[in-house]
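Single-structure report; data block below.
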Amino acid sequence: MTEQHPDPVNEGLAHSGQRIVQLLALATVARQAYQRRLHRLQHAQRTRQLAAERQAEQARRALFEQARSRWAPALDPTWLRQADLLRVAEAWSAALPYSPHHAAAASAVDKCEERLRRLHPHAMDHYDRFRDSGLSHLEAMREAAPFFSRDPNVRTGEPAANRQSLTEGTGAQWTSSEQDQGLAERQDHRLEQQALRIINELKTQGPEDLTPEDLRIALETATNLPGRIITRAVQQATRTTGEADGTASASAEANHRPQTTAAQAGPRTPGAARTPAEVAADDFPYDIREAISLAAQNPPEPPATGRAPQPNRTRHHRPSR
Numbered sequence: 020m021t022e023q024h025p026d027p028v029n030e031g032l033a034h035s036g037q038r039i040v041q042l043l044a045l046a047t048v049a050r051q052a053y054q055r056r057l058h059r060l061q062h063a064q065r066t067r068q069l070a071a072e073r074q075a076e077q078a079r080r081a082l083f084e085q086a087r088s089r090w091a092p093a094l095d096p097t098w099l100r101q102a103d104l105l106r107v108a109e110a111w112s113a114a115l116p117y118s119p120h121h122a123a124a125a126s127a128v129d130k131c132e133e134r135l136r137r138l139h140p141h142a143m144d145h146y147d148r149f150r151d152s153g154l155s156h157l158e159a160m161r162e163a164a165p166f167f168s169r170d171p172n173v174r175t176g177e178p179a180a181n182r183q184s185l186t187e188g189t190g191a192q193w194t195s196s197e198q199d200q201g202l203a204e205r206q207d208h209r210l211e212q213q214a215l216r217i218i219n220e221l222k223t224q225g226p227e228d229l230t231p232e233d234l235r236i237a238l239e240t241a242t243n244l245p246g247r248i249i250t251r252a253v254q255q256a257t258r259t260t261g262e263a264d265g266t267a268s269a270s271a272e273a274n275h276r277p278q279t280t281a282a283q284a285g286p287r288t289p290g291a292a293r294t295p296a297e298v299a300a301d302d303f304p305y306d307i308r309e310a311i312s313l314a315a316q317n318p319p320e321p322p323a324t325g326r327a328p329q330p331n332r333t334r335h336h337r338p339s340r
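Structure (structure tokens):
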């Protein structure tokens with residue numbers, strides 16, 4: 020059957036209108052689907068942001084608690100009085116970032132700075148100058164940090180007191196310890212007494228006409244005493260005019276009694292008294308004539324020079340000017 024189109028224009032418009040309505044419906048559905056998808060994406064993004072914010076907040080709180088554990092002791096006066104420079108500086112650096120928004124941290128910063136002023140006045144004086152010039156806490160401390168390596172109490176810069184300089188010929192000498200001088204004097208006195216005892220023993224068992232040169236040769240041969248000790252001992256023995264009555268009688272008895280060695284005398288009972296002759300036989304086994312004869316055959320070595328006592332460098336100092 021042949022279709023009839025009495026009004027093709029109107030029919031075409033009606034058909035086009037239906038198609039437009041269908042397209043609009045499809046566009047509406049697509050837009051709604053896109054909105055739902057966009058909403059889901061935004062919701063997921065907000066969820067992730069909230070989770071990230073929660074993690075960041077937890078990390079921030081953990082950092083704050085860690086920092087507070089470092090600067091909280093600065094609020095204790097007892098801890099602050101006993102803390103050294105490094106511990107106070109650590110508490111100050113931990114409290115400084117939180118001082119603008121946390122009252123306890125700001126108080127810890129102030130207390131630490133007061134303690135640093137007592138521990139190192141010189142560096143903190145520079146810190147206060149930098150703060151007065153407008154620098155922040157951190158910038159001022161960064162500029163003052165090199166001064167902490169210096170002496171805390173430096174000179175203020177006043178001129179030194181006028182002191183008269185030492186001139187040549189004033190008689191000023193290096194000072195030494197009285198204890199060292201006394202020790203050297205006691206050592207020399209002991210050696211000199213030892214030399215005098217040997218000289219007395221030589222006079223006891225030898226001839227009476229011993230000259231100072233004979234005594235010197237005998238001492239240099241049989242002993243290792245310094246030459247200055249031997250010289251003083253011989254001079255003192257020469258100046259001596261006589262001995263006490265008890266010493267003279269003991270010497271006479273020793274000259275008339277035959278000399279015996281320790282081996283010939285045999286074992287002695289402990290505590291038994293010994294005669295001067297027996298003591299001389301043990302300490303100086305050679306007769307004076309034998310000693311002089313040995314010295315003539317073997318020239319003696321140069322006498323040992325007495326070495327002056329070494330000064331104690333920790334106790335010696337120059338006289339202050």
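Counted the way the numbering used here counts, the sequence shown spans residues 20 to 340. Just so it is clear, CB atoms sit at the ideal spot from N, CA and C, and this is done for glycine as well. Nothing here was measured: the structure is a model prediction, and the numbers come from that model.
| query | result |
| --- | --- |
| Would you give the residue range spanned by the alpha helix (DSSP H) that His145 belongs to? | 140 to 151 |
| Return the CA-CA distance between Ile39 and Glu76, expressed in angstroms with no decimal places. | 54 Å |
| Please give the ranges of any alpha helix (DSSP H) in the stretch 43 to 118, keeping only runs that are unbroken, at least 4 residues long and fully inside the region. | 96 to 101, 104 to 114 |
| Leaving aside the five residues before and after Tyr117 along the sequence, list all residues of the same chain whose C-beta is less than 6 Å from its C-beta, in chain order. | Ala124 |
| Report the CB separation of Leu154 from Leu115 in whole angstroms; it is logged as a contact under 8 Å. | That pair is no contact at about 13 Å. |
| Can you tell me the Cα-Cα spacing of Gln37 and Ala63, whole angstroms? | 39 Å |
| Is the Cβ-Cβ distance between Asp170 and His141 less than 8 Å? | yes |
| How far does the alpha helix (DSSP H) with His156 in it reach, from first residue to last? | 156 to 163 |
| Grouping DSSP H, G and I as helix and E and B as strand, with all else coil, what is Thr259? | coil |
| Specify, as a first and last residue, the run of the alpha helix (DSSP H) that Pro231 falls within. | 231 to 241 |
| Considering only C-alpha positions, which residue in the set Gln224, Gly246, Phe166 is nearest to Ala214? | Gly246 |
| Looking only at its chain, what residues have a beta carbon closer than 8 Å to the beta carbon of Ala110, apart from the 5 residues adjacent to it on each side? | Arg89, Trp90, Pro92, Ala93, Ala102, Ala127, Cys131 |
| Closest by CA to Ala256, which one among Ile236, Asn219, Asp151, Leu244? | Asn219 |
| Name the residue from His121, Gln68, Ser152 whose alpha carbon lies nearest to the alpha carbon of Ala86. | His121 |
| Round the Cβ separation of Glu211 and Arg251 to the nearest angstrom and send it over; I've been treating them as touching at under 8 Å. | 6 Å |
| Can you check whether the CB of Leu105 is closer than 8 Å to the CB of Arg359? | As displayed, the chain neither begins before 20 nor continues past 340, which places residue 359 out of reach and without an answer. |
| Quick check on His208: does DSSP put it in helix, strand or coil? | helix |
| Given 7 Å as the limit, tell me if Leu104 has its C-beta closer than that to any heavy atom belonging to the ligand GTP. | With respect to the ligand GTP, the structure shown offers nothing to examine, as it has no ligands at all. |
| Any idea if Val148 is buried or exposed, counting beta-carbon neighbours within 10 angstroms, 16 or more meaning buried? | For the record, residue 148 in the displayed sequence is Arg; it is not Val. When all chains shown are included, Arg148 counts as exposed. |
| Nearest to His139 by CA position, among Leu238, Pro178, Arg216, Val173, is which residue? | Val173 |
| Taking the straight line between their C-alpha atoms, what separation do you get for Ser35 and Arg59? | 36 Å |
| Apart from the five residues just before and just after Val107, which ones in its own chain have a Cβ nearer than 8 Å to its Cβ? | Ala93, Leu99, Cys131, Arg134, Leu135, Leu138 |
| Does the distance from the CB of Leu234 to the CB of Leu244 come in under 8 Å? | no |
| Going by C-alpha to C-alpha distance, which of His208, Ile217, Leu202 sits closest to Thr242? | Ile217 |
| Let me know if Val48 comes out buried or exposed under the rule of 16 or more other beta-carbons within 10 Å of its beta-carbon. | exposed |
| When DSSP labels each residue in this structure, what does Ser184 get in the three-state scheme? | coil |
| Determine the DSSP secondary structure at Val40, reduced to helix, strand or coil. | helix |
| Can the beta-carbon of Glu239 be found less than 8 Å from the beta-carbon of Ile248? | no |
| Report the residue from Ala113, Ala70, Arg56 whose alpha carbon sits nearest the alpha carbon of Phe83. | Ala113 |
| Classify Asn219 as helix, strand or coil using the three-state DSSP reduction. | helix |
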